[in-house]
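Undergrad: Take the working numbering: the last position of the sequence shown gets the number 375, and nothing is skipped along the way.
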Amino acid sequence: MPQHPMLSGGRFRLGTFSTNCSSGMTPTKAPERWNNSWDNNLKLAKMLDEAGIDFMLPIARWIGYGGETDFHGGVLETMTWAAGLLAATKNIAVFATIHTAANHPVVVAKQMATIDQIGHGRAGLNIVAGWNKPEYEALGLTLPDDHETRYGYAQEWFDLVRKLWTSDEHFDWDGKYFKAKRVKGDPKPLRGSVPIINAAGSPQGRGFATDNANFLFTPAIDLSRSKVEIQELKDQARAKGREVNVLTFSHVICRPTEAEAQAFLKYTAVDNADTAAVDNLVNLQFAHAHSFPHDLLAQIKHLFAMGHGGFPLVGTPDQVAEGIIKLHDTGFAGTTLSFVDYVEEFPYFRDTVLPKLEAAGIR
Ligand SMILES: Cc1cc2nc3c(=O)[nH]c(=O)nc-3n(C[C@H](O)[C@H](O)[C@H](O)COP(=O)(O)O)c2cc1C
Numbered sequence: 013m014p015q016h017p018m019l020s021g022g023r024f025r026l027g028t029f030s031t032n033c034s035s036g037m038t039p040t041k042a043p044e045r046w047n048n049s050w051d052n053n054l055k056l057a058k059m060l061d062e063a064g065i066d067f068m069l070p071i072a073r074w075i076g077y078g079g080e081t082d083f084h085g086g087v088l089e090t091m092t093w094a095a096g097l098l099a100a101t102k103n104i105a106v107f108a109t110i111h112t113a114a115n116h117p118v119v120v121a122k123q124m125a126t127i128d129q130i131g132h133g134r135a136g137l138n139i140v141a142g143w144n145k146p147e148y149e150a151l152g153l154t155l156p157d158d159h160e161t162r163y164g165y166a167q168e169w170f171d172l173v174r175k176l177w178t179s180d181e182h183f184d185w186d187g188k189y190f191k192a193k194r195v196k197g198d199p200k201p202l203r204g205s206v207p208i209i210n211a212a213g214s215p216q217g218r219g220f221a222t223d224n225a226n227f228l229f230t231p232a233i234d235l236s237r238s239k240v241e242i243q244e245l246k247d248q249a250r251a252k253g254r255e256v257n258v259l260t261f262s263h264v265i266c267r268p269t270e271a272e273a274q275a276f277l278k279y280t281a282v283d284n285a286d287t288a289a290v291d292n293l294v295n296l297q298f299a300h301a302h303s304f305p306h307d308l309l310a311q312i313k314h315l316f317a318m319g320h321g322g323f324p325l326v327g328t329p330d331q332v333a334e335g336i337i338k339l340h341d342t343g344f345a346g347t348t349l350s351f352v353d354y355v356e357e358f359p360y361f362r363d364t365v366l367p368k369l370e371a372a373g374i375r
């Protein structure tokens, strides 16, 4: 069986992020904001697949961030979303995003094996150990205050998933958080596992990622800082005998002229910013997560209004391509892309930026 499309190397990986969520990555009131309907996701997935884009990554979200638009109040559930997209595409990898606390590992192990069959070996799993306290409360769950407990729980969750994917025997599980009797994973993912993504910022989260993930997500804010961080993460993984690649997320506004791109940025992220939603988003990150370094978080509120804190790729096709090449040269293995309206805006990116990345030898 050929390598999983996400794991075969030789190019800077490109994916999309958050197309399953209302407004995508941009908390804007502008009527052009993303409509996350199934039909739009399907249309986009087919376009991405044909264009050779590597993956689609969804966000798992159970309550919105409020504001006038209730940013992320509308969300397609990620496992069923991935199943549908895998059935409708040929080459692209599609991830499900799973909160460990809200999904039983025996169920998830089987769901992943099922969608991996649907996609003939193109499924992937993004593991979220939890950070968004109001969301936990919405589900009647308690988010542990300390990261040790959050990631201890996530580790046992994933150990049980992995055992279901690797053991040919029935087994019992008697852990701190999970008990299981005479369980067996059948079927298993086609290659015995699937690519794992984890987006952690804290030392405990990074320990979890370097122990378990193929890809760690981290924001790209100060690229000189990212360069050091990527090297540290790779070294940390190598010391454990593992290879981890680092991905980031970017927001694209690509137009024929820089002035047009800047005007659209101002229109969506300044004039029409859903400021209450942006405030909630940033405040919740401060309160509960370490995925954005807190000293940088305060400086980049405008980037949350633009694309949820993603790296800005705003300008002409040349400028957008230059930005992506910079991410590559920093040591990132790839980036997700978001657009205010993915279906409307991706074709221009495909036709103008992708050839430049090919010419630069990174695709
Ligand atoms: C690329 C990416 C994907 C993420 N996906 C989700 C998600 O789908 N759902 C969610 O609740 N949080 C998601 N997060 C948030 C992180 O999981 C969260 O910030 C992280 O758990 C905090 O890290 P820490 O636990 O080390 O503080 C994502 C973050 C990034 C950067």
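A virtual CB, placed ideally from N, CA and C, is assigned to each residue, including glycine.
(1) Straight-line CA distance for Arg267 to Gln331?
(2) Thr38: beta carbon under 7 Å from a heavy atom of ligand 1?
(3) Assign Arg218 to buried or exposed, taking buried as 16 or more other Cβ atoms, counted over all protein chains shown, within 10 Å of its Cβ.
(4) Nearest to His263 by alpha carbon, out of Gly142, Ala275, Gly78, Tyr354?
(5) In chain order, what residues of the same chain have a beta carbon less than 7 Å from the beta carbon of Ile415, not counting five sequence neighbours either side?
(6) With respect to 7 Å, is the separation between the Cβ of Gly131 and the closest non-hydrogen atom of ligand 2 below this value?
(7) Please tell me whether Val120 and Val87 are closer than 8 Å, where the distance is taken between their beta carbons.
(8) What residue range is occupied by the uninterrupted beta strand (DSSP E) comprising Asn257?
(9) Which residues does DSSP list as the beta-bridge partners of Asn210?
(10) Restricting to Cα atoms, I'd like to know which of Ala108, His84, Gly319, Leu176 is closest to Arg194.
(11) Ligand 1 heavy atoms versus the CB of Asn144: any closer than 7 Å?
(12) Would you tell me roughly how many angstroms separate the C-alpha atoms of Met37 and Asp198, rounded to the nearest one?
(13) Go through its chain and collect everything with a Cβ distance to Glu356's Cβ below 8 Å, but skip five positions before and after it.
(14) Taking Gly187 as the reference, which of Gln167, Thr328, Thr90 has the closest Cα?
(15) Taking only three categories from DSSP, how would you classify His314?
(16) Confirm the yes/no value for this check: CB of Arg23, any heavy atom of ligand 1, distance under 7 Å.
(17) Tell me where the beta strand (DSSP E) around Ala108 begins and ends.
(18) Check whether the segment 114 to 133 and the segment 52 to 67 touch, using three or more Cβ-Cβ pairs below 8 Å as the test.
(19) Report yes if the C-beta distance between Gly343 and Phe24 is below 8 Å; otherwise report no.
(20) Consider the C-beta atom of His159 and the heavy atoms of ligand 1; say whether any pair is separated by less than 7 Å.
(21) Could you have a look at Phe67 and say whether DSSP puts it in helix, strand or coil?
(22) Evaluate Glu241 with the Cβ neighbour count: other Cβ atoms within 10 Å of its Cβ, from every protein chain shown; 16 or more gives buried, anything less gives exposed.
(23) What residue does the beta strand (DSSP E) around Val195 start on, and which one ends it?
(24) Starting from the N-terminal side, write out each stretch of the alpha helix (DSSP H) that is 4 residues or longer and does not extend beyond the segment 277 to 325.
(25) May I have the straight-line CA-CA distance separating Asp82 from Thr287, to the nearest angstrom?
(26) By DSSP, does Val87 sit in helix, in strand, or in coil?
(27) Compute the Euclidean distance between the alpha carbons of Leu19 and Glu255, then round it to the nearest angstrom.
(28) Alpha carbon to alpha carbon, how far is Ala105 from Ala225?
(29) Mind checking who Thr28 pairs with in its DSSP beta bridge?
(30) Per DSSP, what kind of secondary structure is Trp185 in: helix, strand or coil?
(31) What do you reckon, are the CB atoms on Asn144 and His300 nearer than 8 Å?
(32) Among the residues of its own chain, which have a CB less than 7 Å from the CB of Gln216, if the five just before and after it don't count?
(33) Any heavy atom of ligand 1 inside 7 Å of the beta-carbon of Arg162?
(34) So, with DSSP's three-state summary, where would you put Gly96?
(35) To which residues does DSSP link Thr40 through a beta bridge?
(36) Under the criterion of a Cβ to heavy atom distance below 7 Å, does Ile71 qualify as lining ligand 1?
TA: Reading off the structure:
(1) Each residue's Cα considered, the two are about 10 Å apart.
(2) For ligand 1, not one heavy atom lies less than 7 Å from the Cβ of Thr38.
(3) Buried is the label assigned to Arg218, since at least 16 other Cβ atoms lie within 10 Å of its Cβ.
(4) Across the set Gly142, Ala275, Gly78, Tyr354, the C-alpha of Tyr354 shows the shortest separation from the C-alpha of His263.
(5) Nothing about residue 415 can be reported from this structure: the residues present for the chain run from 13 to 375 only.
(6) No copy of ligand 2 occurs in the structure displayed; its ligands are ligand 1 alone.
(7) Contact flag unset, no.
(8) Per DSSP, Asn257 is one residue of the beta strand (DSSP E) stretching across 257 to 266.
(9) In DSSP, Asn210 forms a bridge with Ile139, Leu228.
(10) Each of Ala108, His84, Gly319, Leu176 was checked against the Cα of Arg194, and the nearest Cα belongs to Leu176.
(11) For Asn144, the CB falls within less than 7 Å of some heavy atom of ligand 1.
(12) A straight line joining the alpha-carbon of Met37 with that of Asp198 spans about 37 Å.
(13) If we look at Glu356 and ignore the five residues flanking it on each side, its Cβ neighbours are Glu44.
(14) The residue with the shortest Cα to Cα distance from Gly187 is Gln167.
(15) Here His314 carries a helix assignment [DSSP, helix/strand/coil].
(16) Checking the Cβ of Arg23 against ligand 1 gives no.
(17) For Ala108, the enclosing beta strand (DSSP E) starts and ends at 105 to 111.
(18) Under the 8 Å Cβ criterion, the segment 114 to 133 does not count as touching the segment 52 to 67, having fewer than three qualifying pairs.
(19) No.
(20) A heavy atom of ligand 1 is found nearer than 7 Å to the CB of His159.
(21) In this structure, Phe67 counts as strand in the three-state DSSP scheme.
(22) Per the 10 Å Cβ criterion, buried.
(23) Counted as a single uninterrupted DSSP element, the beta strand (DSSP E) harbouring Val195 occupies residues 191 to 195.
(24) Segments of the alpha helix (DSSP H) lying fully in the segment 277 to 325: 287 to 300, 306 to 309, 313 to 319.
(25) As the crow flies, the alpha-carbon of Asp82 is around 11 Å from that of Thr287.
(26) Here Val87 sits in strand by DSSP.
(27) Near 11 Å, if we compare the C-alpha coordinates of Glu255 and Leu19.
(28) The alpha-carbon atoms of Ala105 and Ala225 are separated by roughly 16 Å.
(29) DSSP output for Thr28 lists Met68, Leu349 as bridge partner(s).
(30) Of the three classes helix, strand and coil, the one that applies to Trp185 here is strand, per DSSP.
(31) Cβ atoms of Asn144 and His300: closer than 8 Å.
(32) Beyond the five residues adjoining it in sequence on each side, Gln216 comes within less than 7 Å, by CB distance, of His159, Glu160, Tyr163 in the same chain, given in chain order.
(33) At least one heavy atom of ligand 1 is nearer than 7 Å to the Cβ of Arg162, so yes.
(34) Residue state, collapsed to three classes: helix.
(35) Its beta-bridge partners are Ala285.
(36) The nearest non-hydrogen atom of ligand 1 is less than 7 Å from the C-beta of Ile71.
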